[in-house]
Structures are given as C-alpha cells and as structure tokens.
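**Student:** First residue of the sequence shown: 6, per the numbering used here; consecutive thereafter. Structure below; questions to follow.
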Amino acid sequence: MGAGNPIIGLLGGGQLGRMLCEAANPLGIDIAILDEKNSPAKQAHNTNRHVTGSFKDPAKIRELAARSDYLSVEIEHVDTDVLEDIEKNGVEIELADGSLVTHKPPIHPSWKTVRLIQDKYLQKEHFAASEKEIPIAEQIAIESGEAALTSLKDAAEKFGFPLMLKARKGSYDGRGNFKVDSEDDFEPAIKALGKLSLYAEKWAPFVKELAIMVIRTEDDEGNLKRCVAYPAVETVHEDSVCTKVYMPPRNVSDDVCKKARELACSVISTLWGRGVFAVELFVLEDGSLMVNEVAPRPHNSGHYTIEAVPYMSQYKAQISAVLDLPVPEKLTPRVPSSIMLNILGGAAPDSHHKLTRLARTTFGDDMDVYLHLYGKVSKPGRKIGHITLTGASTIEDLEERAQDFIELVDKIRQERIEAAAEQLRPQEEPSIDDTIEGGDRSIGPAGVDGDKLPLVLVTMGSDSDLPVLKAGLDILKEFGVPYSLDITSAHRTPKYMMRIADEAAGKGIKVIIAAAGGAAHLPGMLSSETPLPVIGVPVKATHLDGMDSLLSIVQMPRGVPTATVGINNSTNAALLAIRILGAFVPAYQAKMKKYQLKMEEGVIIKGARLRIEGDVAYLERMKAK
C-alpha cells in the first residue's frame with residue numbers, strides 16, 4: 006500500500022472513527038474510512054484513500070481492503086462473511102507495472118470476534134462455556150414465529166418476573182430490549198420485537214453498572230500476548246442511553262474495581278484478534294459482578310481516556326494494537342478523577358448551546374474542561390458530542406464542582422422528554438388505561454392532576470363550528486383517544502394559529518382535525534405550518550351549502566397535503582385520525598377492527614330483516630321509529 010506509514014482501513018466513520026483519526030493524525034498514521042461522504046470521521050482526516058458508500062456493502066468493503074494495510078471496525082454491525090473471505094482469499098490489486106497480486110490485509114479484531122459479538126445470545130453462551138468462570142445472567146433462546154409467545158411464557162415460568170426480552174442482533178443503546186414485568190407484557194413484548202431473533206434473560210438485580218476498556222494483543226499466529234485493562238468506570242444510563250461516566254466509580258470499593266478489571270481481562274482473553282474492547286458489567290446487590298455485554302471497539306465509556314490517560318487513550322491504544330506496536334503493561338490515569346458527560350441533542354436544534362458555551366468558558370485550578378463536538382447535526386437524543394471534566398482531587402469533589410454541567414445535561418434531557426417523548430419512541434404502545442377520554446384542555450403536556458398527553462388536536466375557526474364537531478368528539482371518546490380542543494381562527498387570530506401549528510408536533514400531537522366554514526382557510530394554513538397530518542372538516546355555512554368550504558380545503562396547492570372529509574362529517578375525520586394513530590398504536594388499530602365488524606354486523610342484520618319482512622313492513626317499521 007503506502008510507501009511510508011501503514012494505512013488502517015476502517016469500516017464506519019462516525020464519532021468513534023473521528024476520534025480515532027484525531028489520535029492517528031499526530032502519529033502520521035493514515036486512516037481510510039468507508040462511510041458516507043462528509044461523515045464525522047472524514048471531516049477530521051483528509052485523504053484520497055477514503056471510500057464513499059455503506060460499510061455493509063461487500064463491494065465497498067473489498068475496495069477498502071485493496072487500499073489498506075490493515076482492516077478494523079468502528080461498529081460491529083458489518084458483513085463478517087466478506088471479512089472472512091478477505092482474510093482467507095484476499096483481494097486482487099493491480100501494481101504499477103500492471104500485474105495483479107492477491108492482497109490479504111490483517112483484520113483486527115478478527116471477523117470471528119465480530120461475528121460472535123453480533124449475536125448477544127451466542128456471545129454470552131461463548132463466555133459461559135469458557136474455562137474462565139465468567140458469570141452471566143441465565144438466558145434461553147426464544148422460538149420464532151407463532152411459537153414466540155409460548156416460548157416467552159415458558160421463559161417466564163423458568164425465570165419469574167421481571168425478565169428481559171432481547172433482540173439477539175442489531176440492538177444498541179437499549180434498543181431491542183423489552184422488560185417483561187408480568188403476563189400483561191407478553192403480547193406487547195412480542196408485538197414490539199417479534200419479527201427479530203430473540204432471547205430471554207433472567208433479571209439481574211444490579212445496583213450499579215461498570216465498564217472496563219481492555220487492550221488485547223496477539224502475535225501474527227493468533228496467540229494471545231497480553232490483555233491490559235483500563236480503570237473501571239461507572240456508567241449512568243437514562244432512557245437506555247449512557248449519559249454520564251465517572252472515574253473512579255462512586256461508592257464502589259477498590260476491591261470490586263480490581264475484580265472488575267480482572268474479570269474484563271478474562272472475558273477478552275477468550276476472543277480473537279488485536280484491538281480495544283469494552284466490557285460492560287453489573288454490580289449486583291451482594292457486591293458480586295456479572296457480565297452484561299462486550300463491544301469489539303472503542304466505546305463511549307472510554308472517551309475519558311483522551312484526557313485522563315493521554316499517553317495511551319483508547320484510540321491510540323486501538324491504533325497500537327491493530328499495528329502490533331508496544332502497549333504499556335499497566336494503564337494509570339494522570340488525574341485522580343474524571344467525569345464524561347454526553348451531549349445529546351435536545352428538543353430544539355440549539356438546546357445544547359448553553360452547555361457548550363459553559364464548556365468553552367470554564368477555567369480553574371481544580372477542574373479542567375474538554376469539549377468534543379462530532380460535526381453532527383443536532384437531533385433529539387442524538388449523540389453530538391461529549392465533555393470530559395478532570396479533577397485534582399476525589400470524584401466526590403469533582404462531581405460537586407461539575408454541578409453546573411450536570412444540571413444543564415439533565416435540563417436538556419428533561420426538556421427533550423417533555424417536548425418529544427412520544428416521537429422518540431413511536432413504536433411503543435401507550436396504555437389505553439393511561440389515556441384521557443377527551444375533554445376541553447390545552448395543547449400542553451399532561452397537567453398536575455394526572456392528565457395525559459393528547460394525541461389529537463381538534464380545532465375550529467369559530468365556536469359556531471363546535472356542534473358540527475360534536476359527533477367526531479364522541480367518536481374520539483368512544484375509542485379512548487386523548488385529545489385537546491381549541492379555537493384558532495385563520496383570520497382573526499393568525500399569529501396564535503401559527504404558533505399552535507408550529508408547536509403541536511413537539512408537544513406530542515400526532516394528528517390535527519380542523520373545522521372551518523366559508524373561505525375555510527384554517528385546515529390548509531395549519532397544514533402549511535406543521536409536519537403533522539391535517540384533516541379538514543368543511544362546515545356548511547349560511548351560503549352555498551358548504552361547497553365553498555369543501556372546495557377551499559381540497560384545492561390546496563401541491564406540497565401542502567390536507568386530507569378532507571365530507572361536509573359536516575366530523576365522524577369520518579375522527580375515524581381517519583384514529584386510523585392514522587393505529588398505524589403505530591396497535592390498540593387503536595384493534596379497536597378500529599372491532600368498530601368495522603360492528604358496522605358490518607349492523608348491515609347484515611338489516612339485510613336479513615328486509616328479506617324476511619319485505620319492503621312494505623320494513624318501511625312501516627322505519628316510519629314508526
């Protein structure tokens with residue numbers, strides 16, 4: 006490949022790849038990234054060896070291999086079949102003289118390790134079968150298809166409640182997990198994860214979560230040379246995402262931390278290939294340890310090492326291990342304490358700006374502050390950066406000095422939850438028992454009296470439209486759909502109408518029903534200001550029998566879709582809104598099916614009576630009603 010320093014080809018170019026490039030640049034090591042154009046890693050390292058495309062594309066992986074002296078991964082969700090073939094058969098490259106040769110770049114960590122770790126069930130079975138006495142939670146594979154529900158019930162009978170239902174592949178940051186607390190959770194759990202390959206895990210009553218980064222080295226024949234562990238850190242997870250990391254862990258004894266490092270080395274020693282690995286552990290109520298899972302790459306919990314272990318950060322260690330360069334026999338932090346805070350996107354694109362300003366302007370003798378931004382657009386819950394704080398004293402002292410940062414991180418999270426909790430997990434089914442049954446209330450979040458977040462906003466241009474909307478409101482009540490009610494005139498209160506439309510999605514509203522008569526501009530104006538579906542109800546006004554309202558709503562220009570029902574037909578507006586909700590809330594879809602069956606039964610009964618009674622008697626009975 007290169008005439009000078011070696012080239013490491015990296016599958017994936019996110020923030021981990023970015024920080025790997027930042028560590029490689031001063032060492033003169035070239036990193037060739039396979040990912041989309043302008044990915045975070047490519048922003049940090051300019052080279053003509055990058056490959057643009059998906060790190061799951063076999064052809065692109067081979068192209069990267071042809072350009073690299075070594076291959077490694079930033080993310081484990083890659084095609085290991087291609088990596089196996091490259092290791093065994095290599096890739097063909099053309100030399101300057103036109104001749105073809107077979108090139109076999111070493112792959113670290115090994116494709117065997119990556120493949121094993123991709124399947125969390127097999128990963129833990131592997132650890133349990135080793136001679137290292139690695140403690141894991143009891144687990145059982147769940148059958149697929151129609152047998153999944155029965156298989157889950159069998160697991161519950163074996164493990165008791167609560168238990169965890171987990172996806173074997175493709176899950177991260179808590180996604181693909183479902184806590185089963187009782188028999189009532191069986192069907193929701195299968196609905197949520199049933200299309201995936203699953204396993205059930207006995208609940209581990211942990212009191213704290215730890216993580217340990219481990220450097221693994223081996224010779225070119227695959228013989229283990231050394232496993233070196235970084236200090237144990239405490240990880241704090243909120244909303245299934247790591248938000249804070251403490252080094253050393255708070256209220257965890259030195260003995261437990263030592264045992265955690267030893268256990269982590271035992272775990273990694275059973276794998277294959279060189280590199281940096283993360284081992285996540287549970288500390289149980291009795292102080293014992295249990296392995297949760299492993300990542301075959303640098304990890305969120307190891308970001309602190311950039312400043313706390315500057316001579317061998319996890320990223321420099323990854324480079325050194327892959328290239329088989331010397332690594333220390335012992336990894337000792339250069340500071341007594343460190344806290345890493347993830348910067349997660351907030352409710353608004355600029356929600357994190359106050360936090361980053363604080364990081365840029367805080368200085369002192371007892372706490373150093375290091376800001377890392379990843380070059381990513383802010384989206385709610387997205388990891389867009391992190392802040393590392395290092396202290397000159399204890400972790401308790403550093404935590405006290407860092408309170409302004411911690412409080413801002415918590416505030417961003419709370420605002421994100423209040424503004425968009427429903428949107429962050431649209432696959433989750435809200436409990437019907439937890440919803441309100443309609444009522445006149447504001448668009449805002451749940452009130453102090455236990456009110457629940459409305460899913461449908463019903464609004465009108467004038468209170469004279471309310472009688473027309475009553476039938477639709479009755480339908481929403483019948484289906485148990487929480488809604489809010491308002492008056493927003495497109496002509497008399499245009500600013501208020503615009504604000505309501507702009508804020509609706511962020512406050513958990515999923516569908517808007519808008520009734521208007523005459524010029525009937527309200528539905529279309531709302532649709533132009535919101536990304537939500539808007540259903541217009543044309544109201545029959547004094548003139549033109551409502552045709553003016555109908556035509557005004559249906560004739561919206563391209564790009565501003567506005568669903569429209571019949572004149573005065575708020576019933577259909579409510580039913581359509583419920584069908585939209587039913588696309589991601591199975592309970593509403595099930596109620597809609599029952600509603601349709603009831604209508605069908607009604608028509609069948611009427612048809613039978615007409616056939617039996619005949620038209621004359623049937624008409625007489627209708628008149629009598």
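The beta-carbon is built from N, C-alpha and C at its ideal position, and this holds for glycine as well.
Hey, which unbroken runs of the alpha helix (DSSP H) at 4 residues or more fall wholly within the region 312-365?
**Tutor:** Listed in chain order, the complete alpha helix (DSSP H) runs (minimum 4 residues) inside the region 312-365 are 319-327.
**Student:** With H, G and I counted as helix, E and B as strand and the rest as coil, what does DSSP make of Met-1?
**Tutor:** Since the first and last residues shown for the chain are 6 and 630, residue 1 lies out of range.
**Student:** Cα-Cα, which of Ile-36, Arg-626, Lys-381 is closest to Leu-328?
**Tutor:** Of the candidates Ile-36, Arg-626, Lys-381, the one whose C-alpha sits nearest the C-alpha of Leu-328 is Ile-36.
**Student:** Determine the DSSP secondary structure at Glu-136, reduced to helix, strand or coil.
**Tutor:** Of the three classes helix, strand and coil, the one that applies to Glu-136 here is coil, per DSSP.
**Student:** Excluding five sequence neighbours on each side, which residues of the same chain lie with their C-beta closer than 8 Å to the C-beta of Leu-289?
**Tutor:** For Leu-289, where only same-chain residues beyond five positions count, the Cβ hits under 8 Å are Ala-209, Pro-210, Phe-211, Val-212, Met-295.
**Student:** Look at the Cβ atom of Arg-421, then the Cβ atom of Gly-386, and state whether they are nearer than 8 Å.
**Tutor:** Closer than 8 Å, so yes.
**Student:** If you follow the alpha helix (DSSP H) that Ile-609 is in, where does it begin and where does it stop?
**Tutor:** Start and end: 591-629.
**Student:** Could you work out which residue in Asn-30, Thr-535, Pro-63 is closest to Lys-47 when comparing CA atoms only?
**Tutor:** Comparing Cα-Cα distances from Lys-47 to each of Asn-30, Thr-535, Pro-63, the minimum goes to Asn-30.
**Student:** In terms of residues, what are the limits of the alpha helix (DSSP H) holding Ala-269?
**Tutor:** Residues 259-274.
**Student:** Specify the secondary structure class of Tyr-126 as computed by DSSP and reduced to three states.
**Tutor:** If DSSP states are grouped into helix, strand and coil, Tyr-126 belongs with the helices.
**Student:** Should Val-96 and Ala-71 be called a contact, given that it needs their Cβ atoms to be closer than 8 Å?
**Tutor:** Going by C-beta atoms, Val-96 is nearer than 8 Å to Ala-71.
**Student:** What alpha helix (DSSP H) runs, 4 residues minimum, are completely inside the region 43-102?
**Tutor:** Runs of the alpha helix (DSSP H) inside the region 43-102: 45-49, 63-72, 85-94.
**Student:** Once DSSP output is grouped into helix, strand and coil, what is the label at Ala-524?
**Tutor:** In this structure, Ala-524 counts as coil in the three-state DSSP scheme.
**Student:** Closest to Glu-188 by CA distance: which of Met-169, Gln-323, Asp-491 is it?
**Tutor:** Of the candidates Met-169, Gln-323, Asp-491, the one whose C-alpha sits nearest the C-alpha of Glu-188 is Met-169.
**Student:** Excluding five sequence neighbours on each side, which residues of the same chain lie with their C-beta closer than 8 Å to the C-beta of Ile-585?
**Tutor:** The residues are Lys-515, Val-516, Pro-538.
**Student:** Whole-angstrom Cβ separation of Ser-494 and Ala-525, contact assumed at under 8 Å?
**Tutor:** Contact flag wrong, Cβ pair sits at about 12 Å.
**Student:** What are the uninterrupted segments assigned as alpha helix (DSSP H) that are 4 or more residues long and contained completely in the region 383-416, given in chain order?
**Tutor:** Segments of the alpha helix (DSSP H) lying fully in the region 383-416: 400-406.
**Student:** When the Cβ atoms of the region 229-246 are set against those of the region 267-284, are three or more pairs found closer than 8 Å?
**Tutor:** Yes, the region 229-246 touches the region 267-284.
**Student:** Shortest alpha-carbon distance to Ala-353 belongs to which of Ser-343, Gly-369, Val-382?
**Tutor:** Measuring from the Cα of Ala-353, the nearest candidate turns out to be Val-382.
**Student:** Do Leu-635 and Gly-22 have their C-beta atoms closer together than 8 Å?
**Tutor:** No statement about residue 635 is possible, as the shown extent of the chain runs from 6 to 630 and does not include it.
**Student:** Residues in the same chain with beta-carbon distance under 7 Å from Gly-292, minus the five sequence neighbours each way, listed in chain order, please.
**Tutor:** Once the five neighbours on either side are set aside, the close Cβ partners of Gly-292 are Val-261.
**Student:** Within 10 Å of its beta-carbon, does Asp-507 have 16 or more other beta-carbons around it, so buried, or fewer, so exposed?
**Tutor:** Exposed, since its Cβ has fewer than 16 Cβ neighbours within 10 Å.
**Student:** Leaving out the 5 sequence neighbours to the left and right, which residues in its chain are closer than 7 Å to Ile-480 when beta-carbon positions are compared?
**Tutor:** Thr-576, Ala-579, Leu-580.
**Student:** How is the alpha helix (DSSP H) around Ile-492 delimited, first residue to last?
**Tutor:** Looking at the DSSP string, Ile-492 is not in any alpha helix (DSSP H); the run it does join, the beta strand (DSSP E), is 488-492.
**Student:** Asp-438 by DSSP, collapsed to three states: which one?
**Tutor:** In this predicted model, Asp-438 has a pLDDT of only 34, less than 50, meaning its place in the structure is not dependable enough to derive any value.
**Student:** Touch check for the region 132-149 and the region 322-340: three-plus C-beta pairs under 8 Å?
**Tutor:** In short, these stretches do not touch, since the Cβ pair count stays below three.
**Student:** When the cut-off is 8 Å and only beta carbons count, does Asp-470 lie next to chain B?
**Tutor:** Checking the listed chains, one finds no chain B in this structure; it contains a single protein chain.
**Student:** So Ile-36 is in the beta strand (DSSP E); what residue range does that whole segment cover?
**Tutor:** Looking at the DSSP string, the run of the beta strand (DSSP E) that includes Ile-36 is 35-40.
**Student:** Mapping DSSP to helix, strand and coil, what is Asn-228?
**Tutor:** Three-state DSSP puts Asn-228 in coil, outside helix and strand.
**Student:** Measuring CB to CB, does Ile-344 end up less than 8 Å from Ala-424?
**Tutor:** Against a cut-off of 8 Å, the Cβ pair of Ala-424 and Ile-344 comes out as no contact.
**Student:** Assign Phe-368 to buried or exposed, taking buried as 16 or more other Cβ atoms, counted over all protein chains shown, within 10 Å of its Cβ.
**Tutor:** The residue in question, Phe-368, is exposed, as its Cβ has fewer than 16 Cβ neighbours within 10 Å.
**Student:** Could you check which residue in Glu-534, Gly-541, Gly-9, Leu-549 has the C-alpha nearest to that of Gly-523?
**Tutor:** Ranking Glu-534, Gly-541, Gly-9, Leu-549 by Cα distance to Gly-523 puts Leu-549 first.
**Student:** Measuring alpha carbon to alpha carbon, tell me which of Ala-161, Glu-68, Ala-476, Gly-511 ends up nearest Glu-99.
**Tutor:** For Glu-99, the nearest C-alpha among the options comes from Glu-68.
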